[in-house]
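First comes the structure, then the notes that go with it.
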Amino acid sequence: LPSRFDWRDKNVVTPVRSQQTCGGCWAFSVVEGIETAYAVKGNPLVKLSVQQVIDCSYRNQGCNGGSTISALYWLNQTHVKLVKESEYPFKAVTGTCHFPPSSFGVSIKGYVAYDFSDREDVMMEKLIEFGPLAVTVDALSWQDYLGGIIQHHCSSQEANHAVLITGFDRTGPVPYWIVRNSWGASWGNEGYVYVKIGENVCGIADTVSAAIV
Amino acid sequence: PGTNQFSRRLKAFQESLKRHSHLNSFSYDGNGSARYGINQFSDLSPQEFKDKYLRSRSELCPKYGHLEDRSYNVD
């Protein structure tokens, strides 16, 4: 394993988004992971529609909440093609599912989902193998986060927020995950948060998934 | 000023300042510990914040084990 790895360095990560007051973090993390997985395969980096997943993923509750695993299950079962964000833009409210007449779309071939709670070493390998990892965390204390590495003030087994891990850094005294959030670029470290590796801080390794494109 | 909403936001903001002080008391110099302070969510109570932004539910996933290591790349 390299001591530092970040998919952003490969120019395969789209800019940080804001979910506004829509509780659709679960859709953001899944769609953003698919964007990068698609680009890693040699395709152009394209912003895909989060709103499409919010509106159409019937096992979830749109802006009222949902789960990354349910969204991936739905994408895998239906082979729905995610269209470009420009064709199905984000509205920050749950809308009616529709299918724009588009020749372009990205579907997934499968997905993986594991609990890596005592195997964060392997989780680093899987981040490089599969692409960014959608994870769920206890993010209650993130309300006040400004920067630095989160090491306290959150619990495992109490997840309430979904985010996307794009990399890790083990070059300093405290190794940390590089985590993309969906609260805009003005929050945290330009929209990202760092979480200590190795102690399942905030439950970051409890529910880990990645789409295979 | 003078509205119920203003009072509610002001109270939430004042509570946030107390919370920041507590959260930062766990930070130690030199190891890059997280810092907590005023940001765009500081005028929300924790419950309001949770209701608006923390709407993901978690699902149990199988534990990753050595079985996966062994079977990977096998037909």
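Sequences listed follow chains Y and W, in order. Using the working numbering, the letters of the first sequence correspond one by one to residues 741 to 953. Using the working numbering, the letters of the second sequence correspond one by one to residues 4 to 78. No residue lacks a Cβ here, since even glycine has one placed at the ideal position from N, Cα and C.
| query | result |
| --- | --- |
| At least 3 beta-carbon pairs within less than 8 angstroms: the segment 18 to 30 of chain W vs the segment 856 to 863 of chain Y | no |
| Nearest-angstrom Cβ-Cβ length linking cysteine 803(Y) and glycine 764(Y), presumed shorter than 8 angstroms | 5 angstroms |
| Local conformation of histidine 23(W) per DSSP, three classes | helix |
| Cβ shell of threonine 754(Y) (< 7 angstroms), same chain only, five flanking positions each side left out | Glu772, Glu775, Leu785 and Lys787 |
| Beta-bridge partners of arginine 757(Y), as assigned by DSSP | Arginine 757(Y) pairs with nothing; no bridge assigned. |
| Contacts that glycine 83(W) makes with chain Y (C-beta to C-beta distance below 9 angstroms) | Residue 83(W) cannot be examined here, being either before or after the span of chain W that is shown, 4 to 78. |
| Within-8 angstroms CB hit, leucine 13(W) to chain Y | no |
| Straight-line gap, arginine 688(Y) to threonine 836(Y) (C-alpha atoms, nearest Å) | Here chain Y comprises residues numbered 741 to 953, so residue 688(Y) is not present and cannot be evaluated. |
| Cβ contact (3+ pairs, closer than 8 angstroms) linking the segment 34 to 53 of chain W and the segment 823 to 838 of chain Y | no |
| Endpoints, beta strand (DSSP E) assigned at alanine 902(Y) | 901 to 909 |
| Beta-carbon neighbours of glycine 806(Y), restricted to chain W and to distances below 8 angstroms | Arg58, Ser59 and Arg60 |
| Buried or exposed (CB count within 10 angstroms, at least 16 for buried), arginine 799(Y) | exposed |
| Span separating the alpha-carbon of lysine 14(W) from that of asparagine 7(W) | 11 angstroms |
| Where the beta strand (DSSP E) through glycine 928(Y) begins and ends | Glycine 928(Y) -> no beta strand (DSSP E), and no H or E assigned at all. |
| Any C-beta of chain W under 8 angstroms from that of glycine 850(Y) | no |
| Chain-ordered chain Y contacts of phenylalanine 9(W) [CB-CB under 7 angstroms] | Going along chain Y, no residue has its Cβ under 7 angstroms from phenylalanine 9(W), so there is no contact; the nearest lies around 19 angstroms. |
| Contacting residues, own chain, Cβ-Cβ under 7 angstroms from lysine 831(Y) (five flanking each side not counted) | Gln791 |
| Assigned secondary structure, phenylalanine 29(W) (DSSP; H/G/I helix, E/B strand, else coil) | coil |
| Contacts around lysine 781(Y), its chain only, beta-carbon distance under 8 angstroms, and the 5 residues preceding and following it disregarded | Val953 |
| Run of the alpha helix (DSSP H) containing threonine 876(Y), from where it starts to where it stops | Threonine 876(Y) -> not in any alpha helix (DSSP H); beta strand (DSSP E) instead, spanning 873 to 877. |
| Cβ-Cβ separation, serine 797(Y) to glutamate 825(Y) (assumed contact under 8 angstroms), whole Å | 16 angstroms between Cβ atoms; not a contact. |
| Under 7 angstroms from the C-beta of tyrosine 885(Y): neighbouring residues of chain W | Ala37 and Tyr39 |
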